[in-house]
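Protein chains: 2
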Amino acid sequence: MDVRQRLARNLRRLREAKGWSQEKFAFEANVHRTYVSDIERGARNPTITVVEKLAAPLGVTASDLLAN
Amino acid sequence: MDVRQRLARNLRRLREAKGWSQEKFAFEANVHRTYVSDIERGARNPTITVVEKLAAPLGVTASDLLAN
DNA sequence: GTGTGACTCTAAGTCCGTC
DNA sequence: CGACGGACTTAGAGTCACA
Chain A
1 MDVRQRLARN
11 LRRLREAKGW
21 SQEKFAFEAN
31 VHRTYVSDIE
41 RGARNPTITV
51 VEKLAAPLGV
61 TASDLLAN
Chain B
1 MDVRQRLARN
11 LRRLREAKGW
21 SQEKFAFEAN
31 VHRTYVSDIE
41 RGARNPTITV
51 VEKLAAPLGV
61 TASDLLAN
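Chains A and B supply the protein sequences, listed in that same order.
For what it's worth, UniProt numbering labels the leading residue of the first sequence as 1, then goes sequentially.
For what it's worth, UniProt numbering labels the leading residue of the second sequence as 1, then goes sequentially.
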């Protein structure tokens, strides 16, 4: 499986585990609302610094988000 | 420590463990020689697909390269 | 063999909406 | 609440000559 798909699935799983909407999560991660939507659909190819921004509010590492 | 620095150090460590020059490694990973140089100095902010390209010839995952 | 500045071109990333 | 489109600005992708 592709990295983008792995990130997409991990992100959605962890976000939902927190009970957060995409909007709420986007706010917590300091990224745009639509960007979260795009990433969870595997439609984007984010930079590693963005992955780190996404990882922070979830309490995991950038490495964790790409894992599996 | 910053993700870019973690990638930089992991990449350099793993590449040298293979006994490869940046040039040799760049060829194996299908990226430009100078791009490898930039990443190992933490001077670039690559996308996750690039990280995956770098991981392949080292026999590790994209997640591994960002780890630690 | 590696570092660095500069360059072009494409995509990252933001923001406006609507369905 | 989330998918998706269009438009926009900035930064990454990819390359080169030269140190």
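Every residue, glycine too, gets a C-beta built ideally from N, C-alpha and C.
Contacts with chain A at 8 Å (Cβ-Cβ) include Asn45(B).
Legend: CB atoms of the UniProt domain "HTH cro/C1-type" (11 to 65) of chain A lying less than 7 Å from CB atoms of chain B belong to residues Asn45, Pro46, Thr47, Ile48, Thr49, Val51, Glu52, Ala62 and Ser63. Taking a 10 Å sphere around the C-beta of Glu40(A), we find 16 or more other C-beta atoms and assign the residue as buried. For Thr49(A), the enclosing alpha helix (DSSP H) has its first and last residue at Ile48 to Ala55. It is roughly 16 Å from the alpha-carbon of Arg6(B) to the alpha-carbon of Ala56(A). Taking the beta carbon of Arg4(A) as reference, the chain B residues within 8 Å of it are Ile48 and Thr49, listed in sequence order. In the DSSP annotation of this structure, the continuous segment of the alpha helix (DSSP H) that includes Ser63(A) starts and ends at Ala62 to Leu66. In the three-state scheme derived from DSSP, where H, G and I count as helix and E and B as strand, Ser37(A) is classed as helix. Distance from the CA of Ser37(B) to the CA of Phe25(B), rounded to the nearest whole angstrom, comes to 11 Å. Nearest CB-CB separation between Ala67(B) and chain A: below the 8 Å threshold.
If you draw a 10 Å sphere on the C-beta of Asn10(B), you find 16 or more other C-beta atoms in it, and that means buried. Within the same chain, and ignoring the five residues on either side of Ile48(A) in sequence, the residues whose Cβ sits closer than 8 Å to its Cβ are Ala62.
Trp20(A) and His32(A) have their alpha carbons spaced roughly 15 Å apart.
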